[in-house]
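Asker: The following block contains the structure, expressed as structure tokens.
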Amino acid sequence: MAYADELLELAQEIANLHSQQPHQASLRRAVSTAYYALFHLLISEATSNWSRPEFRAILARVFDHGPMKQAADKGVSEIQSYLKAKPPEGPEREAANHLYNVANTFAQAQYHRTEADYNTARTWVQMEVLLHIEGIAEAFKSWSIIREKPAAQAFLISMLPSKERRQNERPNPEKRPTLLDDPKS
Amino acid sequence: MYIPRAFVQQAEFVAATAQAANALQPDVVRVTPILGTDWNGESAVFFQVVLADGTPRAQLLNLTKQISWFIVQQVQPLEEWGVLPYFDFSTQSEQARIEEPTLA
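Residue numbers (this note's numbering), protein chains in the order written: chain C, 58 to 242; chain R, 2 to 105.
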């Protein structure tokens, strides 16, 4: 079984631990693990294009949460515009629906993962967690349908960090506060 | 400094959300939009959607997808208001349990 599939299965198992009275720790880990399942699925799909398998794990380290999220947001926005124009039924529209499902699920899952990992004020309910995991399982299915389509492959490439994106993310050193700043100035 | 329209015209943004939520009755009890930033520092709206009880379990995932799609199409959070949309769903009974005061 592929690592991403194992993670998805693990998320389901963790979410169902203590099913009579679910523990917040289990539910949080389930949400986080489900996100990582999709994260690793997309990375492994991208790196599988590299013809030398021994270097794929190294290539995988290039991918990062931020740029992948930005690519997902951009994908969601573009596909929404396309679907809003009500294109005719057909394989192209069906592929767009599936890609939208993957990109949107990734963006939402990353938000839920940060909530699960860092927002301790939030209370998770088992039903909600199971729905998140089901959504990610559906994204896996969507991906398996479109994985060979040019748009899906372009989506994977768009998730690589770009120089332009790095420059936009880099904070301006002139504006960064330092310990030497005079608080009165 | 760029301030998204949703922050500047919060009342209008809330009204636009309420209008979309009204169209989703009786499946949706309420939609609360919370403005903020996501972990990446992007301006965002977190829609807290409370669903009416009674939707069969097998239909819940599809229902949440339809609702989020509808709200995004109606409100257009990113295109019209400059905020990335995120969604949280709970049912009315779950929400009541979470909000229940504890004695401990």
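Where a beta carbon is used, it is the ideal one built from N, C-alpha and C, also for glycine.
All values derive from a computational prediction rather than experimental measurement.
Step through the CB atoms of chain C and report whether any lies within less than 7 angstroms of the CB of Y3 (chain R).
Answerer: Not one chain C Cβ lies under 7 angstroms of Y3 (chain R).
Asker: Between E151 (chain C) and the ligand SAM, is the CB less than 6 angstroms from at least one heavy atom?
Answerer: Ligands are entirely absent from the displayed structure, and the ligand SAM is therefore not among its contents.
Asker: Can you have a look at V133 (chain C) and say buried or exposed, based on whether 16 or more other CB atoms are within 10 angstroms of its CB?
Answerer: The residue in question, V133 (chain C), is buried, as its Cβ has 16 or more Cβ neighbours within 10 Å.
Asker: Helix, strand or coil, according to DSSP, for Q77 (chain C) in the structure here?
Answerer: Here Q77 (chain C) sits in coil by DSSP.
Asker: Could you tell me how far apart the beta carbons of A173 (chain C) and R85 (chain C) are, in whole angstroms, since I believe they sit closer than 8 angstroms?
Answerer: Yes, A173 (chain C) and R85 (chain C) are in contact; Cβ-Cβ is about 4 angstroms, under 8 angstroms.
Asker: Note down, in chain order, every chain R residue with its Cβ under 8 angstroms from the Cβ of E191 (chain C).
Answerer: What E191 (chain C) touches in chain R: L62.
Asker: On the DSSP letters alone, give me the boundaries of the beta strand (DSSP E) that F90 (chain R) sits inside.
Answerer: Looking at the DSSP string, the run of the beta strand (DSSP E) that includes F90 (chain R) is 85-92.
Asker: Does DSSP put Q49 (chain R) in a helix, in a strand, or in coil?
Answerer: Residue state, collapsed to three classes: strand.
Asker: Only counting the same chain, and skipping five residues up and downstream in sequence, which positions put a Cβ closer than 7 angstroms to that of P5 (chain R)?
Answerer: Counting only Cβ-Cβ distances below 7 angstroms, and skipping sequence neighbours, we find S44, W82, G83, V84.
Asker: Taking Cβ-Cβ distances below 7 angstroms as the criterion, which residues of the segment 172-188 of chain C are in contact with chain R?
Answerer: Within the segment 172-188 of chain C, the residues whose Cβ lies closer than 7 angstroms to some Cβ of chain R are T180, V182, M184, E185, L188, listed in chain order.
Asker: Which chain R residues sit within Cβ distance under 7 angstroms of K126 (chain C)?
Answerer: Chain R residues near K126 (chain C): N41.
Asker: Does the CB of I99 (chain R) have a neighbour CB from chain C at under 7 angstroms?
Answerer: So, interface residue.
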